[in-house]
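Numbering (our numbering), first residue to last: 27 to 685.
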């Protein structure tokens with residue numbers, strides 16, 4: 027009994043010691059993998075431990091870990107990257123599982139995204155067909171969110187990951203116009219994308235026949251500097267409309283293209299100027315039916331340009347009439363709306379301007395004083411013919427930007443800066459010369475219109491369209507020339523129209539007085555705001571033999587009352603080929619002053635000196651005045667005569683120049 031008493035405590039002590047030893051077992055943490063690759067998505071590992079644990083990270087990127095802590099036992103942990111790796115280098119991190127002094131490490135890596143396509147251009151046949159694009163990738167990719175054109179039948183798959191293949195199926199292309207094209211964008215790696223261009227051949231097209239019968243003929247010589255190209259029409263089996271082009275070269279290698287449109291002929295365009303004398307040129311003609319591979323070229327031919335000049339280059343000028351006086355009055359004529367082809371010698375420009383010059387110098391007093399004038403013609407290429415019509419908004423690309431008001435208006439405007447700069451390409455034409463002369467711009471437009479811009483220093487620009495075929499006695503091209511350029515431009519004469527059946531307002535009267543007295547080169551020399559001839563600018567005609575028809579006739583300057591003119595009718599009222607006597611006088615006075623044969627007015631002149639200068643001018647005038655009265659036998663226009671088959675020209679535009 028006593029022995030058992032001692033044995034039991036010993037057994038209890040041993041059991042206690044055994045249990046105590048189990049509770050103090052060494053902490054242990056195990057992981058199922060020492061490394062993970064999360065390039066293609068989340069990866070997992072398990073943690074087995076006999077202690078509680080937590081996770082920490084170290085490295086160049088923090089991955090998403092879930093869960094980040096756990097208890098005794100086995101736990102599955104997921105690791106992922108919160109973004110695609112588009113840095114171009116590997117992301118790495120070490121995940122450490124810690125607990126009770128025990129640790130375990132897992133290396134995590136995420137490779138950069140790789141994505142490539144087997145081709146950047148996928149060429150499909152015109153027939154219905156299928157082709158594939160090989161994708162090499164380590165990430166997800168898709169072709170979602172794009173609108174596929176109707177000619178593409180299907181694209182599969184639209185989304186997947188890793189390596190794969192995209193199959194493209196197209197419908198048959200029945201159009202001969204052009205191939206189908208579509209840029210297919212493939213998204214990958216979040217915000218990244220690559221594209222492949224899908225092309226489908228157009229349906230087969232029969233091109234036109236080769237252009238033949240080209241002119242100038244092959245090896246032609248003495249060809250104009252401004253040649254005219256022509257050829258025989260091509261044919262097309264599908265009946266397509268054909269567009270033609272001429273290709274021109276000096277070496278047979280570098281070509282300039284000239285569009286002929288649907289025509290089988292075309293002149294040299296304004297943009298190319300004139301060809302060089304004694305130069306050999308190569309040329310060919312192409313025919314284009316506007317469909318796939320629908321261009322056919324002719325054989326290349328050559329020609330040689332003549333050694334003699336036969337056309338104006340842009341800016342070339344010519345002296346039409348040369349003065350015999352040491353100080354000539356200079357008139358410059360140019361054109362607006364004339365193409366390069368119009369500037370052949372003797373061509374449209376020459377014909378129209380020559381007609382204008384002849385009209386002016388067949389009119390007195392210009393006819394009797396021809397030797398005082400030097401007349402130039404200067405070429406100005408426009409890209410289009412005609413004149414801009416502001417009413418219809420029909421815009422023409424012309425050299426001097428002439429604009430016609432349109433409708434029943436006859437008013438015209440232009441870019442005067444370009445005009446002045448252009449005519450001064452003539453070395454002898456300076457601003458000082460222009461102050462004593464006149465500029466005429468002939469518009470290549472078949473309209474009845476005309477306007478003069480008159481400057482206080484004596485310059486002027488008269489704009490006159492080339493009206494063709496007018497049957498009216500006073501609205502022909504010649505009539506407008508003598509009214510605008512001869513009357514307003516150089517003569518400084520005012521309109522004698524009576525458009526308003528009322529008394530001229532005071533501001534109109536004040537303006538006339540200012541133009542007559544304040545301008546360095548006076549204007550309105552044929553009008554008076556006083557009813558007495560003694561106060562008019564033609565008082566010196568009173569009592570002169572042969573001029574009894576000169577007097578005071580009320581109506582002029584647009585009004586029926588309050589403004590007087592010197593004769594019953596004249597050019598400045600209805601464009602007839604007759605300037606009244608005082609108008610002729612002031613034209614002669616101005617040209618003789620410009621020639622240095624008469625002394626002009628001075629601000630310091632007394633009334634007596636001015637009277638002496640008028641008398642000297644009158645004496646010179648009477649020496650050559652041969653058309654003393656109106657013999658044109660046209661009806662007189664009075665207010666009661668309206669409607670009278672006559673439309674007044676646009677009012678003069680006045681510009682004050684700071685001197």
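Don't be surprised by glycine CBs; every beta carbon is placed ideally from N, CA and C.
Check: Roughly how many angstroms lie between the CA atoms of residue 458 and residue 617, to the nearest whole one?; Outcome: 14 Å
Check: Would you mind stating whether residue 178 and residue 161 have Cβ atoms separated by less than 8 Å?; Outcome: no
Check: In this structure, how does DSSP classify residue 686 when only helix, strand and coil are distinguished?; Outcome: Since the first and last residues shown for the chain are 27 and 685, residue 686 lies out of range.
Check: Can you find at least 3 beta carbon pairs, one from the segment 270 to 289 and one from the segment 341 to 354, that sit closer than 8 Å?; Outcome: no
Check: Roughly how many whole angstroms lie between the Cα atoms of residue 375 and residue 363?; Outcome: 10 Å
Check: Apply the 10 Å Cβ neighbour rule to residue 425 and answer buried if 16 or more other Cβ atoms are within range, or exposed otherwise.; Outcome: buried
Check: So, helix, strand or coil for residue 313, using DSSP?; Outcome: strand
Check: Among residues of its own chain, excluding the 5 on either side of residue 82, which ones have a beta-carbon nearer than 8 Å to its beta-carbon?; Outcome: 121, 122, 124
Check: Does the segment 487 to 495 come into contact with the segment 567 to 584, if we say contact requires no fewer than three beta-carbon pairs (one atom in each stretch) closer than 8 Å?; Outcome: no
Check: Alpha carbon to alpha carbon, what distance is there between residue 259 and residue 233?; Outcome: 13 Å
Check: Applying the criterion that 16 or more other CB atoms from any shown protein chain within 10 Å of the CB defines a buried residue, is residue 159 buried or exposed?; Outcome: buried
Check: List the DSSP bridge partners of residue 273.; Outcome: 283, 310
Check: For the candidate residues 390, 428, 74, whose alpha-carbon lies nearest to that of residue 408?; Outcome: 428
Check: Figure out for me which residue from 338, 205, 440 has the closest Cα to the Cα of residue 370.; Outcome: 338
Check: Could you compute how far the alpha carbon of residue 596 sits from the alpha carbon of residue 438?; Outcome: 23 Å
Check: Apart from the five residues on each side of it in sequence, which residues of its chain come closer than 7 Å, Cβ to Cβ, to residue 456?; Outcome: 450
Check: With DSSP as the reference, label residue 166 as helix, strand or coil.; Outcome: strand
Check: Taking the alpha carbon of residue 146 as the point to measure from, which residue in 210, 402, 555, 99 has its own alpha carbon closest?; Outcome: 210
Check: What's the C-alpha gap between residue 502 and residue 676?; Outcome: 15 Å
Check: Output needed for residue 396: all residues of its chain with C-beta closer than 8 Å, excluding positions within five of it in sequence on either side, in chain order.; Outcome: 347, 387
Check: Taking just the CA atoms, how far does residue 632 sit from residue 1?; Outcome: Lying outside 27 to 685, the shown extent of the chain, residue 1 is not represented and no answer is given.
Check: Just to confirm the assignment, what range does the beta strand (DSSP E) spanning residue 238 have?; Outcome: 238 to 241
Check: Buried or exposed for residue 70, please, with buried defined as at least 16 other CB atoms from any protein chain shown within 10 angstroms of its CB.; Outcome: exposed
Check: Decide if residue 173 is buried, meaning its Cβ has at least 16 other Cβ atoms within 10 Å, or exposed.; Outcome: exposed
Check: Under a Cβ-count criterion, where at least 16 other Cβ atoms within 10 Å of its own Cβ denotes burial, should residue 636 be classed as buried or exposed?; Outcome: exposed
Check: So within the segment 58 to 140, which uninterrupted alpha helix (DSSP H) runs reach at least 4 residues, ignoring any that extend past its ends?; Outcome: none
Check: Using 8 Å as the threshold, is the segment 245 to 261 in touch with the segment 183 to 198, meaning 3 or more CB pairs across them?; Outcome: no
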